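Notes follow once the structure below has been shown.
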Amino acid sequence: MKRFLILVVFIIGAFVAFSEQLYIFNGFSILTGEVAFEKGRAVIEVPYGAQVQPETFSVFGVPESTTINFVPGDSVESLYERNLGRPVKFVYEDGRVERLEVVSPLPVFRNSYGEIIVNPKGYPVFSDEFSPNARFLLNSQDSFSGHSSFAYQVRNNSWTTRYSLSLKDFSLTGLMIVHLEMETNENVTLVSSNPGYGYATRDMAAKMVNESYSVSPTTSDAETRLYEISVPLKRGTNYIAFLSELFSGDKRLVFRASRGGSNFTGVEIDVYLNEVPIDLPSGVMEVWSESVYLGSAGIGNIAKGESVVLQSIARSIEVSGRKTTVTTLGDSKYRYYKNTYYVRNLSEETVTVEIEDYLGQNAEQFHLNCEDCDFDYIKETGMWTYTVSVDPGEVAEVEVEYRVRYSN
Numbered sequence: 192m193k194r195f196l197i198l199v200v201f202i203i204g205a206f207v208a209f210s211e212q213l214y215i216f217n218g219f220s221i222l223t224g225e226v227a228f229e230k231g232r233a234v235i236e237v238p239y240g241a242q243v244q245p246e247t248f249s250v251f252g253v254p255e256s257t258t259i260n261f262v263p264g265d266s267v268e269s270l271y272e273r274n275l276g277r278p279v280k281f282v283y284e285d286g287r288v289e290r291l292e293v294v295s296p297l298p299v300f301r302n303s304y305g306e307i308i309v310n311p312k313g314y315p316v317f318s319d320e321f322s323p324n325a326r327f328l329l330n331s332q333d334s335f336s337g338h339s340s341f342a343y344q345v346r347n348n349s350w351t352t353r354y355s356l357s358l359k360d361f362s363l364t365g366l367m368i369v370h371l372e373m374e375t376n377e378n379v380t381l382v383s384s385n386p387g388y389g390y391a392t393r394d395m396a397a398k399m400v401n402e403s404y405s406v407s408p409t410t411s412d413a414e415t416r417l418y419e420i421s422v423p424l425k426r427g428t429n430y431i432a433f434l435s436e437l438f439s440g441d442k443r444l445v446f447r448a449s450r451g452g453s454n455f456t457g458v459e460i461d462v463y464l465n466e467v468p469i470d471l472p473s474g475v476m477e478v479w480s481e482s483v484y485l486g487s488a489g490i491g492n493i494a495k496g497e498s499v500v501l502q503s504i505a506r507s508i509e510v511s512g513r514k515t516t517v518t519t520l521g522d523s524k525y526r527y528y529k530n531t532y533y534v535r536n537l538s539e540e541t542v543t544v545e546i547e548d549y550l551g552q553n554a555e556q557f558h559l560n561c562e563d564c565d566f567d568y569i570k571e572t573g574m575w576t577y578t579v580s581v582d583p584g585e586v587a588e589v590e591v592e593y594r595v596r597y598s599n
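Going by this note's numbering, the sequence shown opens with residue 192, and the numbers climb by one from there.
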């Protein structure tokens, strides 16, 4: 899958001539660019700090006989390994200087008396060249000269999006959070696909600003959005504010009776954003009521014009519900039930609550304790819903009788 993405990025990056482009996905990144061959040789230096996966390296526009070698960047251990069996100058903590033979990169040395010294206090002095950057060495037998395109995958870069939604006015702010563990002066593009989000976070403070602005993707298709970053990024964590807009939405109270018990429990809060005016990259959306944090949920890519539903984002404290069920009759074909739903409102204003319950796909003959009651029942899902209004300090009681066919 990721190998395929490299080929896709080549198509995207083909328009970036003689420069490198870093594409950061959710959890990995791909670096593309062009390299110049001179007399059949070319060197591609990997940025410092990049954890390269050499097996993902691809190059286009070179002769068939071209060989590719990956040379890891130098480290203290590699210096020791290159000098195994050789004498090096060692400076002790007390200032003494002695020539010691390198026996092992642990490090272990041997002095002129043949004595083994393990991890002595001080530091060695090496005369070798030191290059912390890894390199790809390309060699062509045809003395090829020209420019070729390349790409390879890097493991240790990632990005995500964090949103803050205020239920007071449905203002939404967004931050792109880019984690870079490598030095980069390249053009950076964030690639948003649709991962599976199954987590919630609770450590972001509400952050609203008066200015209204948003960033749209430079390229998009059915599954992917590309966001070109125009500000310089440093190694470490970068925060980029890209969204501050007012959205159309509403908050709904839902008593999902199949999840509750015989005691009163807070009804669930669902949040709806209606036909969003811009594309929203996948990420985590946190919901606030004034300065009170309600909860958070992960979203996938949301295209302009789509609606967002954040289900069960929190539970109400002042509005609660409970359910009782009684089997009233049973015969050879049917079983008859009576469900009673209680919705209690301890707030200071009238609330509207949607009662939702699973009655089964064979439920029928519904009778409610009210006239002209308007309810919904979807046979394919077995879900029954009814909306009730509850005044302050009151408890609404809804009874529904029905039967379920359990044999033909």
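In this text, a Cβ means the ideal position worked out from N, Cα and C, and glycines have one as well. Bear in mind the structure is a predicted one, so any value in this text is a computation, not a measurement.
Sequence-distant residues of the same chain with beta carbon closer than 8 Å to residue i, five excluded per side
i: valine 586; result: Tyr533, Val534, Arg535, Asn536
i: phenylalanine 244; result: Checking the displayed sequence, the identity of residue 244 turns out to be glutamine instead of phenylalanine. Tyr343, Gln344, Val345, Arg346.
i: tyrosine 239; result: Gly264, Pro323, Asn324, Met373, Glu374
i: alanine 205; result: With a pLDDT of 34 at alanine 205, under the threshold of 50, the modelled position of this residue cannot be trusted; read the value that follows with caution. Within the same chain, alanine 205 has close Cβ partners Ser340.
i: tyrosine 525; result: Arg594, Val595, Arg596, Tyr597
Continuous alpha helix (DSSP H) stretch holding residue i: start and end
i: valine 267; result: 267-273
Contacts around residue i, its chain only, beta-carbon distance under 6 Å, and the 5 residues preceding and following it disregarded
i: asparagine 530; result: Thr516, Val591
i: glycine 337; result: Phe228
i: serine 334; result: Lys230, Gly231
i: asparagine 260; result: Leu328
i: leucine 501; result: Val462, Ala488
i: serine 269; result: none
i: glutamate 289; result: Phe281
i: asparagine 401; result: Its pLDDT being 37, under 50, asparagine 401 is placed unreliably in this model, and the coordinates cannot settle the point.
i: tyrosine 418; result: Leu381, Pro408
i: threonine 351; result: Ile368, Gly474
i: glutamate 509; result: Leu537, Ser538
i: aspartate 548; result: Ala448, Ser449, Trp575
i: isoleucine 420; result: Val379
i: arginine 393; result: Its pLDDT being 23, under 50, arginine 393 is placed unreliably by the model, and the measurement read from it follows with that caveat. For arginine 393, where only same-chain residues beyond five positions count, there are no Cβ hits under 6 Å.
Whole-angstrom C-beta distance between residue j and residue i, which should lie under 8 Å
i: tyrosine 463; j: glycine 491; result: About 16 Å; that fails the 8 Å criterion.
i: leucine 222; j: valine 379; result: Rounded, the Cβ-Cβ distance is 10 Å, inconsistent with contact.
i: valine 595; j: tyrosine 577; result: That pair is no contact at about 18 Å.
i: tryptophan 575; j: leucine 550; result: 5 Å
i: leucine 291; j: asparagine 274; result: With a Cβ gap of about 10 Å, leucine 291 and asparagine 274 do not count as contacting.
i: lysine 495; j: aspartate 470; result: 5 Å
Contact set for residue i: own chain, Cβ-Cβ below 7 Å, skip 5 residues either direction
i: glutamate 481; result: Lys359
i: serine 511; result: Phe455, Thr456, Gly457, Val458, Arg535
i: asparagine 224; result: Note on identity: in this sequence residue 224 is glycine, with asparagine being the wrong assignment. The answer, listed in chain order, is Ser210, Glu211, Gln212, Phe341.
i: asparagine 465; result: Ser439, Gly440, Ser498
i: serine 453; result: Arg513, Thr515
i: glutamate 236; result: Asn324, Arg326
i: valine 234; result: Arg326, Leu328
i: serine 256; result: Ser331, Gln332, Asp333
i: glutamate 539; result: Pro583
i: tyrosine 271; result: Val293, Pro296, Pro298
One or two residues paired with residue i in a DSSP bridge
i: isoleucine 215; result: Ser220, Leu381
i: threonine 351; result: Ile368
i: glutamate 289; result: Phe281
i: glutamate 236; result: Arg326
i: threonine 409; result: Threonine 409 is not bridged to any residue.
i: isoleucine 546; result: Phe446, Tyr577
i: phenylalanine 341; result: Gly224, Val250
i: tyrosine 430; result: Ile368
Boundaries (first-last residue) of the beta strand (DSSP E) holding residue i
i: leucine 297; result: Unbroken run through leucine 297: none, as it is neither H nor E.
i: isoleucine 469; result: Segment: none, isoleucine 469 is in no beta strand (DSSP E) and carries neither H nor E.
i: arginine 535; result: 525-536
i: proline 245; result: 243-251
i: glycine 573; result: Counting along the chain, glycine 573 falls outside any beta strand (DSSP E), and DSSP gives it neither H nor E.
i: serine 487; result: 483-490
i: isoleucine 308; result: 307-309
i: tyrosine 593; result: 586-596
i: lysine 160; result: Outside the displayed range of the chain (192 to 599) lies residue 160, so it cannot be described from this structure.
i: glutamine 556; result: 554-559
i: proline 315; result: 313-316
i: arginine 416; result: 416-420
i: asparagine 260; result: 258-262
Quick one: any contact between the stretch 552-569 and the stretch 495-505, if contact means 3 or more CB pairs under 8 Å?
no
Stretch-stretch touch, CB-based, cutoff 8 Å, three pairs: the stretch 308-328 with the stretch 273-283:
yes
Within 8 Å, do at least three Cβ pairs link the stretch 362-369 to the stretch 428-436?
yes
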